[in-house]
Structure formats: structure tokens, C-alpha cells
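Those protein sequence lines, which keep their order, are chains A and B.
Once you know that position 279 of the first sequence is 279 in the numbering used here, the rest is easy, because the numbers rise by one and skip nothing.
Counting from 1 along the second sequence, just add 314 to a position and that's the residue number in the numbering used here.
Here's the structure we're looking at; comments come further down.
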Amino acid sequence: MFLKFLLRRLLYVIPMLFITTLIVFSLILLIPGDPVLAMLGDSATHEKIAELRQQLGLDQPVMLQYFHWLNNAIHGDLGRSIFTGQHVDEALMQTLSVTMQLVVVGMIFSIVGGIFFAVTSIYFPNSWMDYVARFFGTLGTAIPTFLVAMILIIFFSLKLNWLPATGFTSLIDGPGTFLKGIILPGFSLSLAGIAVITRHLRSSLLETMDADYVRTAYSKGVSRYRAIFKHSLQNAMLPVVTTIGLLFGTALGATVVVENIFAIPGMGQLVVNAIEQRDFTMVQGVVLVMIVMVIVINFITDIVYALLDPRIEY
Amino acid sequence: MNTETPILEVNHLKAYIPSSKGEIKPVNDISFSIKKGEIVALVGESGSGKSVSSLSIMGLNASAIKYRPESSILFEGQDLLKLKEKELRKIRGNDIAMIFQDPMSSLNPVHPIGRQIAESIILHKKVSYKEAMKLALDLLNKVGIPDAERRLNDYPHQLSGGMRQRAMIAIALACNPKLLIADEPTTALDVTIQSQILNLLRDLQKEFGISILLITHDLGVVAETADRVLVMYCGEIVEEGNVEEIFENPGHPYTKGLMDSIPSLYGPSKDILDAIPGIVPNPLELPQGCHFVTRCAFATENCHEDSPTLKKHTSGNRVACWNPLIKEGVEGR
């Protein structure tokens with residue numbers, strides 16, 4: 001039953017991936033700026049330009065270029081960087097793990113922080129904690145990521161000298177230094193997520209706290225603590241799971257800013273450099289991988305939702 | 315019915331909600347008692363205060379509802395209104411249990427039925443989860459759920475309405491309560507399922523001697539199940555008596571009105587069903603004197619000035635009316 005459900009969901013993913021490749025490929029054609037000119041400089045002769053075009057396959061019809069690119073992409077070959085000559089898939093492999101570590105940490109902060117603020121706000125209504133939670137819920141969505149990042153650096157790195165302002169160590173290379181380096185970028189990445197989850201979960205909890213089944217729980221003699229954690233929270237989390245799935249995508253996008261501010265060698269930094277250099281094969285590669293990741297995360301979200309809510313028929 | 319000592323005694327229960335427009339009194343000075351093994355029906359329209367009364371016993375009213383200091387609800391000698399939340403929790407689900415109107419929304423959709431029954435047992439008895447699940451299985455069998463072993467792991471949405479209400483009853487019975495409050499237990503169910511559930515309640519009452527407070531607006535349910543009836547209107551009890559007496563000899567015009575509005579299969583057919591004229595008055599603008607005066611065909615001048623109190627009649631009914639329909643005379647109190 002569940003396997004069938006999984007396969008059916010997977011079938012939805014395939015056309016989505018196909019459309020993604022189309023969009024990614026055509027986006028690059030729409031972006032102004034000729035990569036060949038960018039590579040050769042303004043003084044290049046017409047012969048030189050034509051030669052490089054031919055070399056890169058840019059003189060072929062667009063459809064042919066697409067199918068050629070797609071065929072290679074399916075086989076794991078996303079071409080070479082037209083700037084450095086490095087294989088795009090190799091560059092992606094190196095940076096993907098860095099970005100994933102950052103995103104996962106950021107999402108853990110978001111989920112833990114969001115649940116903490118939402119639950120305390122419900123548990124102690126109209127207390128100072130409730131007001132702090134509600135304040136956070138508004139502030140987090142209003143304040144842009146780059147500003148959070150800079151404030152954190154000024155305060156915790158420059159003033160207090162507690163945490164490093166830049167640099168990244170992988171979790172496998174050194175858990176201690178990894179933690180130290182990831183706290184500030186992780187938190188910058190998570191603030192918006194904390195705010196969104198707090199607001200959404202808080203209103204969802206307010207609803208489920210008044211639900212008939214919570215009244216039933218009270219009539220059985222359960223405590224307020226148990227009523228919230230065992231009866232209200234699990235039901236309130238259901239709609240929030242979808243939000244968390246969407247937040248993953250947002251966080252992935254925000255890594256572009258965060259990685260550049262904290263000098264973290266991830267995909268975000270890679271793509272910004274590639275854009276500056278008009279390294280269009282590299283940009284294509286990064287954007288493709290990011291979109292695929294978002295699709296995969298949404299797929300996982302669907303599965304988690306189905307596992308959490310027994311009412312969903314497989 | 316069995317013994318004469320009341321298990322629950324509600325004295326001068328006055329619940330009020332302070333609001334900017336004035337005080338709302340959902341329950342205004344009601345007193346009644348329930349004996350061991352007795353089924354008492356609390357009857358009234360929506361907004362008559364029956365749910366507030368029952369939730370007061372459980373201590374589960376919204377925090378906006380306050381009680382006057384002279385109110386008391388004595389359960390086995392303890393005043394439930396004076397108990398701390400922690401002490402009340404020991405009574406809820408253990409000594410007093412409750413079943414609710416809509417079994418779909420009253421069961422937690424993300425927990426299996428067995429776990430929901432076992433939770434109550436684990437909260438009040440010193441048993442392991444495994445033992446509690448075994449007891450839960452017994453309870454499901456007792457309330458007549460077929461194939462109970464499999465149902466134990468089913469979620470509420472996998473059960474039919476009647477089965478859900480049976481599961482709800484199983485939760486309520488989990489710790490052998492002495493008093494069961496059933497708030498409109500059949501309203502959300504089909505007629506055939508209704509009578510099954512009512513029979514089940516009757517059987518359980520006979521088997522275990524549980525006292526039941528049955529809250530309903532359905533007089534058919536009352537006739538089928540209850541021993542004694544309390545009729546509520548605008549937060550007050552207007553008539554009280556044995557079920558036979560109430561049905562044969564309603565004393566209050568409101569009770570009579572409720573009876574007349576039941577469609578009957580016997581006797582001469584009516585073209586139009588008799589309904590009580592008018593609507594329930596706004597709780598902020600209750601009429602002076604008897605609250606029923608605006609809708610009563612028998613109202614006299616006196617009714618507009620003084621509110622009547624419950625008086626016992628020779629038939630045994632107690633009626634709060636200046637012009638009761640029973641003409642045998644008043645017996646005092």
C-alpha cells in the first residue's frame with residue numbers, strides 16, 4: 001500500500017523534473033550578456049568568436065543544444081565551466097555538501113525555535129514569553145537575512161569575539177569547529193523560518209486547543225501539559241509540516257546571501273561567482289541542482305505528512 | 315432508585331459571565347441531586363444552560379464563566395467547585411466521566427482508539443501500557459464493538475458514527491466511574507444507532523450501577539432512558555419529576571409545549587405541528603418575573619412581576635409556575 005503511494009508520488013516528480021530542465025535551459029538564453037564575449041574580451045576578432053562558439057556548440061539550433069545538454073545531464077555530465085574548465089558536476093559535489101550542512105542546521109534551528117516559541121506562547125498565554133514569541137513572529141519575517149547576518153557578526157564576532165565571522169569546517173573534519181562556525185550563519189538562515197513556524201504553529205495550536213478531542217482529553221483527567229503535547233501539538237503540526245517543506249526551499253535560496261557574507265564555500269557562493277563571470281554552464285548546473293533539491297524536499301514532505309496523518313489514504 | 319443517598323448534589327449553582335454589556339447568567343440558581351444508579355435527564359433548548367451545568371460538574375467550563383460563592387457541587391461530600399485543578403484531575407475520568415455529542419470531533423484523529431482508552435486507564439490506575447491495552451480490549455468488547463482486537467489499532471476515521479460513540483463510551487467507562495455525564499450522546503447519530511446507544515447506556519447502568527446525567531433536547535430519548543427529568547429554561551429548572559409523571563402530567567406550560575412539539579404516530583393527525591411561539595429571550599434582556607412569560611399562553615399579571623419558585627404538587631412533580639397545568643393543588647415546599 002505504502003509502496004504504491006510512494007511510486008505514485010514519484011511519478012508526479014518525473015514531469016516536474018522535465019519541465020525544470022526546460023526552464024533552466026531556456027532561462028540562460030534569456031539572460032542578457034554573451035558568454036563568449038565575456039570570455040574573450042571586447043578586443044576579440046570575429047574569427048575567434050566564431051571559433052569559440054563552435055567549440056561550445058553555441059552555433060547549433062537551440063533544440064539540439066537542449067537535447068544534447070539534457071542527455072549529458074541525465075548521465076551526470078553537466079559540462080565544463082567555460083571560465084575555469086572545471087567539471088560542473090565536480091564543483092557541485094564539492095559545494096553541495098557544504099550548503100546542505102548549512103541548510104539542515106538552519107532548518108533545525110527554525111523547527112526547534114519555532115516549536116519552542118509557539119508552545120511557550122500557548123502554554124503561558126499573555127505572559128512576557130507570549131509577547132516575546134509574538135514579537136519574534138513579526139520581527140523575523142520583517143528583517144532581511146543579510147541584515148541579521150551583519151548584526152550577528154558585529155555583535156558576536158567583532159564585539160564579543162565568541163564566534164568566528166567567516167570560514168567553514170565540514171562536520172566530518174571537525175565537529176567542534178563545525179559547530180562554532182555554523183551557529184551564526186545557521187541562525188541568520190533560520191530567523192525567518194523561526195518566525196514563520198512560530199506564527200503558523202501558534203495559530204494552529206490555538207485552534208486545536210479548543211478542539212473537542214482536547215476537551216475529551218481533559219475529561220479523562222489529563223494535565224494541561226499532556227493535553228498540549230500529546231493531543232494538541234501533533235494535530236497542530238500537520239498543516240505546519242507543509243510550511244516547513246516550503247521553508248526548505250526558501251532557506252536554500254537564502255544560502256546565496258548567507259554564504260557570501262560568511263565566506264562559506266557552498267553552492268550559493270559558487271553561483272554568485274558564476275553569474276559574475278557569465279559562466280553559464282555553471283549557473284545552469286547550480287540552478288538545476290537547487291530546483292531538484294526543492295522538488296525532492298517537497299516529495300519528502302508529502303511522505304512525512306502521510307505518515308503523520310492517519311486519515312490520508314495511500 | 316436503588317439507594318437514597320445522592321451521589322451528586324448540586325446546590326444553588328449560579329454561573330455568570332461578566333461582560334461589558336452586563337452579566338450573562340447561563341445557569342441561575344439551580345439545585346438537583348442524582349442518586350446512585352439513577353438516570354437523570356436534563357432537558358432544554360439550546361442556550362438553556364444544560365451544557366454549562368454539566369461542564370461545571372467536570373470543572374471544564376471556559377475560564378470566562380465564574381461561580382457565585384454560594385454555589386456548591388457536592389460529589390461524595392466533596393465540593394467540586396472548591397477543589398484545586400490537581401485534585402479535580404484525579405476525579406475526572408476516574409469517578410466522573412463524560413461522553414460528548416459529536417463522536418467524530420471528540421476523538422483524537424491521530425491516535426488509535428485503543429491508545430485513547432488506555433490513556434485514561436494509565437492516568438488513574440497503576441498499570442503498565444500492555445495491561446491497559448488489555449483492559450481497553452475488554453472495554454471495546456463490553457460496549458459491543460465487533461472484532462475488537464483489530465479495532466484497537468484503528469483510527470477514529472476508520473469507524474462508523476455509532477462505533478465511534480461506542481468507543482467514546484468505552485473511554486468514559488475505562489476507570490469504572492460512579493457518575494457518567496452524557497452530553498447529547500445521540501444527537502449526531504442515525505435514529506437506529508440512537509436506540510442502540512441508549513440501550514447500551516441502560517444496560518451499563520443496570521450492570522454497573524452507574525449514575526447517569528443525560529443531557530438532551532430530545533424528549534424521545536428522555537422517555538426511553540431516564541428515571542427522572544429536569545426541565546431547564548433560561549438557566550433555571552422550571553420542572554422536575556419522574557419520567558412517567560412528566561410525560562403524563564406536565565405541570566409547566568413550557569414542558570407541555572415541548573411535549574406538544576413532538577410529532578406523534580398515534581391519535582388524530584395534526585396538519586401543523588404545535589410549536590412554542592416566540593424565541594428564547596436574549597440572555598442580556600431576560601424578562602422580569604417568570605422568564606417564560608413572553609411565550610406563555612397562560613401568563614397572568616403576577617407572572618410579569620414575580621419569578622416563581624419550584625413547588626411540589628400532589629402528582630410528585632415540582633413546578634416553577636404561578637399557573638401550573640396540574641390542578642390538584644400544591645403540597646408545600
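For glycine and all other residues, C-beta sits at the position ideal for the given N, C-alpha and C.
Helix, strand or coil at A:I300 [DSSP, three-state]:
Within the first sequence, the letter at position 300 stands for residue 300 of chain A. Three-state DSSP puts A:I300 in a helix.
Using a C-beta to C-beta distance shorter than 8 Å, which residues of chain A count as neighbours of B:R403?
Along the second sequence, read from residue 1 onward, the residue named residue 403 of chain B stands at position 89. G221, V222 and S223, listed in chain order.
Integer-rounded CB distance, given that B:S347 should sit under 8 Å from B:P320
Residue 320 of chain B sits at position 6 when you count from the first residue of the second sequence. Residue 347 of chain B sits at position 33 when you count from the first residue of the second sequence. Indeed they touch by this definition, with Cβ atoms about 4 Å apart.
If contact is defined by three or more beta carbon pairs under 8 Å, each pair taking one atom from either stretch, is the stretch 555-573 of chain B in contact with the stretch 297-307 of chain A?
No, the stretch 297-307 of chain A is not in contact with the stretch 555-573 of chain B.
Measuring only between beta-carbons, confirm whether B:V424 sits less than 7 Å from chain A.
Counted from its first residue, the second sequence places residue 424 of chain B at position 110. So, interface residue.
Amino acids of chain A, ordered along the chain, whose beta-carbon sits closer than 8 Å to that of B:H566
In the second sequence, counting from the first residue as 1, residue 566 of chain B sits at position 252. Result: empty, since nearest Cβ-Cβ is about 32 Å, beyond 8 Å.
Flag this pair as touching only if the stretch 136-151 of chain A and the stretch 257-275 of chain A have three or more C-beta atom pairs under 8 Å; answer yes or no.
yes
Going by other Cβ atoms of all chains shown within 10 Å of its Cβ, with 16 needed for buried, is A:Y12 buried or exposed?
Indexing the first sequence from 1 puts residue 12 of chain A at position 12. Exposed: under 16 other Cβ atoms inside 10 Å.
7 Å is my cut-off, CB to CB: does B:Y469 come that close to chain A?
Position 155 of the second sequence, counted from the start, is the residue given in the question as residue 469 of chain B. Yes, contact with chain A.
Which residues in chain A sit within 7 Å of B:G407, going by Cβ to Cβ distance?
Working through the second sequence from its first residue, we reach residue 407 of chain B at position 93. Ordered by position in chain A, the residues that pass the 7 Å Cβ test against B:G407 are S219, K220 and G221.
Taking the beta strand (DSSP E) that B:T530 falls in, what are its first and last residues?
Here residue 530 of chain B corresponds to residue number 216 of the second sequence, with the count starting at 1. Taken as a continuous stretch (DSSP letters only), the beta strand (DSSP E) holding B:T530 covers S525 to T530.
Quick check: the stretch 272-287 of chain A against the stretch 219-237 of chain A, are at least 3 beta-carbon pairs closer than 8 Å?
The stretch 219-237 of chain A vs the stretch 272-287 of chain A: no contact.
Could one say the Cβ of B:S370 lies closer than 7 Å to chain A's Cβ atoms, at least one of them?
Position 56 of the second sequence, counted from the first residue, corresponds to residue 370 of chain B. Output row for B:S370: interface = no.
Show which residues of chain B have a CB atom less than 9 Å away from the CB atom of A:N235.
For this step, residue 235 of chain A is matched to residue 235 along the first sequence. Within chain B, the residues near A:N235 are N422, P423 and V424.
Below 7 Å between beta carbons is the criterion; list the residues of the stretch 375-395 of chain B that meet it against any residue of chain A, in chain order.
none
Give me the subset of the stretch 342-357 of chain B whose CB atoms are less than 7 Å from a CB atom of chain A, sorted by chain position.
none
Simplified DSSP state of B:S629, which is helix, strand or coil:
As a working mapping, residue 629 of chain B is identified with position 315 in the second sequence. Correct three-state label for B:S629: coil.
Rounded distance between the beta-carbons of B:L356 and B:I529, thought under 8 Å:
The count along the second sequence starts at 1 and reaches residue 529 of chain B at position 215. The count along the second sequence starts at 1 and reaches residue 356 of chain B at position 42. Sure, about 5 Å apart at Cβ, within 8 Å.
Would you identify the three-state DSSP class for B:S575, choosing helix, strand or coil?
Counting from 1 along the second sequence, the entry for residue 575 of chain B is found at position 261. B:S575: coil per DSSP, three-state reduction.
With a Cβ-Cβ cutoff of 7 Å, do A:S110 and A:I197 count as a contact?
Position 110 of the first sequence, counted from the start, is the residue given in the question as residue 110 of chain A. Position 197 of the first sequence, counted from the start, is the residue given in the question as residue 197 of chain A. Yes.
Say whether chain E places a C-beta atom closer than 7 Å to the C-beta of B:L473.
As a matter of chain content, chain E is missing from the structure shown, whose protein chains are A and B.
Across which residues does DSSP place A:I261 in a beta bridge pair?
Sequence index remark: in the first sequence, residue 261 of chain A carries index 261 (1-based). BP columns for A:I261 are empty, so no partner.
When you check each C-beta in the stretch 123-143 of chain A against every C-beta of chain B, which residues fall closer than 8 Å?
none
Does any CB atom of chain B fall closer than 7 Å to the CB of A:R311?
Residue mapping note: residue 311 of chain A aligns to position 311 of the first sequence, counting from 1. Yes, because at least one Cβ of chain B sits closer than 7 Å to the Cβ of A:R311.
Could you tell me whether the stretch 471-485 of chain B touches the stretch 404-422 of chain B, where touching means 3 or more Cβ pairs closer than 8 Å?
yes
From A:V296 to B:R382, what distance separates their C-alpha atoms?
Taking the first residue of the first sequence as 1, we reach residue 296 of chain A at position 296. Taking the first residue of the second sequence as 1, we reach residue 382 of chain B at position 68. Spanning the two alpha carbons is a distance of roughly 60 Å.
Pairs of beta-carbons, one from the stretch 486-505 of chain B and one from the stretch 459-466 of chain B, closer than 8 Å: are there three or more?
no
Which residues of the stretch 328-339 of chain B have a Cβ closer than 8 Å to any Cβ of chain A? Give them in chain order.
For the stretch 328-339 of chain B, the set of positions with a beta-carbon nearer than 8 Å to some beta-carbon of chain A is empty.
The beta strand (DSSP E) spanning B:K339 covers which residue range?
Stepping through the second sequence from its first residue, residue 339 of chain B is reached at position 25. Start and end: G336 to K349.
State buried or exposed for B:D541, treating a residue as buried only when at least 16 other CB atoms are found within 10 Å of its CB.
Here the question's residue 541 of chain B lines up with position 227 in the second sequence. It is buried - the Cβ of B:D541 has at least 16 other Cβ atoms within 10 Å.
What ranges does the alpha helix (DSSP H) occupy inside the stretch 203-250 of chain A, keeping only unbroken runs of at least 4 residues that lie completely in it?
212-220
Check whether the Cβ of A:T243 lies closer than 7 Å to any Cβ atom in chain B.
Here residue 243 of chain A refers to the residue found at position 243 when the first sequence is read from its first residue. Taking Cβ atoms only, chain B never reaches closer than 7 Å to A:T243, which makes this a no.
I need the straight-line Cα distance from B:L639 to B:P564, nearest angstrom please.
By 1-based counting over the second sequence, the position of residue 639 of chain B is 325. By 1-based counting over the second sequence, the position of residue 564 of chain B is 250. For B:L639 and B:P564, the distance between alpha carbons rounds to 7 Å.
Considering A:S81, what are the terminal residues of the alpha helix (DSSP H) in which it resides?
In the first sequence, counting from the first residue as 1, residue 81 of chain A sits at position 81. Here A:S81 belongs to no alpha helix (DSSP H), and DSSP marks it neither H nor E.
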